[in-house]
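Everything in the sequence shown is counted per the working numbering, starting at 79 for the first residue and increasing by one. C-beta atoms are modelled at their ideal positions from N, C-alpha and C, and glycine is treated no differently. Since we're looking at a predicted model, the values are computed, not measured. The next block holds one structure in the form of structure tokens; read it before the comments.
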Amino acid sequence: MKTDKPTTHTKSSTKTDSKTPKAPRLFPKPNESKTLQEYLNILRELDKDLPKTSEYGSILILGLMEEVGEIARAYLAEHGRKPTNKAAQRDETYKQELGDLLISILRLATHKNINLDHRIQYTLKKIQKRKSQPKE
Numbered sequence: 079m080k081t082d083k084p085t086t087h088t089k090s091s092t093k094t095d096s097k098t099p100k101a102p103r104l105f106p107k108p109n110e111s112k113t114l115q116e117y118l119n120i121l122r123e124l125d126k127d128l129p130k131t132s133e134y135g136s137i138l139i140l141g142l143m144e145e146v147g148e149i150a151r152a153y154l155a156e157h158g159r160k161p162t163n164k165a166a167q168r169d170e171t172y173k174q175e176l177g178d179l180l181i182s183i184l185r186l187a188t189h190k191n192i193n194l195d196h197r198i199q200y201t202l203k204k205i206q207k208r209k210s211q212p213k214e
């Protein structure tokens, strides 16, 4: 005789082999920082199946330009160009667009095999030199 008893689902209590390596976690916990290299590694893993063609490079450039345009639109909306566009003025918009821009830069650098750590150091030294030398 069959009863209409509700079924309960429980987690399996099987133990995992302690020698089995855990899969690396791609995304940091909230408020956890990662290094630039760690973010590049995450992005490489996420993008590993994408084509590495010159056409893909063109798509990356166009995406980068799009993100710059979106940040510009938010800034101009906030500073008088479109004072009624409140959505574009929100700090959240800047945060989202800057995040998108950073990822676009990381993707392009990876595609072109550019060491961003070296580029950042070089540019900071250039700025420091410019500020330390008086203009004539």
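Q: Taking only the alpha-carbon atoms, compute the straight-line gap between T92 and K130 and give it to the nearest angstrom.
A: Here residue 92 refers to the residue found at position 14 when the sequence shown is read from its first residue. Here residue 130 refers to the residue found at position 52 when the sequence shown is read from its first residue. Its pLDDT being 48, under 50, T92 is placed unreliably by the model, and the measurement read from it follows with that caveat. For the pair T92 and K130, the Cα-to-Cα distance works out to about 42 Å.
Q) Per the contact definition of three or more C-beta pairs closer than 8 Å, is the segment 203–211 in contact with the segment 170–182? A) With the cut-off at 8 Å, the segment 170–182 and the segment 203–211 do not touch.
Q) Would you call H189 buried or exposed, if buried means 16 or more other Cβ atoms sit within 10 Å of its Cβ? A) The residue you call residue 189 lines up with position 111 of the sequence shown. By the Cβ neighbour-count rule, H189 is buried, with 16 or more other Cβ atoms within 10 Å of its own.
Q: Go to Q115, then tell me how far its alpha helix (DSSP H) extends in each direction, as first and last residue.
A: What you label residue 115 is simply residue 37 of the sequence shown in a count that begins at 1. 114–124 is the extent of the alpha helix (DSSP H) around Q115.
Q: Would you tell me roughly how many angstroms separate the C-alpha atoms of A155 and T171, rounded to the nearest one?
A: Indexing the sequence shown from 1 puts residue 155 at position 77. Indexing the sequence shown from 1 puts residue 171 at position 93. Answer to the nearest angstrom: the Cα atoms are 11 Å apart.
(Q) So within the segment 134–193, which uninterrupted alpha helix (DSSP H) runs reach at least 4 residues, ignoring any that extend past its ends? (A) As far as the segment 134–193 is concerned, its whole alpha helix (DSSP H) runs of at least 4 residues are 164–167, 169–189.
Q. What whole-angstrom Cβ distance do L128 and S182 have, given they're in contact under 8 Å?
A. Along the sequence shown, read from residue 1 onward, the residue named residue 128 stands at position 50. Along the sequence shown, read from residue 1 onward, the residue named residue 182 stands at position 104. Incorrect: roughly 13 Å between the Cβ atoms, too far for contact.
Q.
Which of the three DSSP states is assigned to T131 in this structure?
A. Position 53 of the sequence shown, counting from 1, holds the residue named residue 131. Coil.
Q: Reducing DSSP to helix, strand and coil, say where Q206 ends up.
A: Locating residue 206 in the sequence shown gives position 128, where the first residue counts as 1. Q206: helix per DSSP, three-state reduction.
Q: May I ask you to report which of helix, strand or coil DSSP gives Q199?
A: Counting from one through the sequence shown, the residue named residue 199 turns up at place 121. If DSSP states are grouped into helix, strand and coil, Q199 belongs with the helices.
Q: Just mark A150 as buried or exposed, buried being the case when its beta carbon has 16 or more other beta carbons within 10 Å.
A: Walking along the sequence shown from the start, residue 150 turns up at place 72. Burial is judged here by how many other beta carbons sit within 10 angstroms of a residue's own beta carbon; A150 has fewer than 16 and is exposed.
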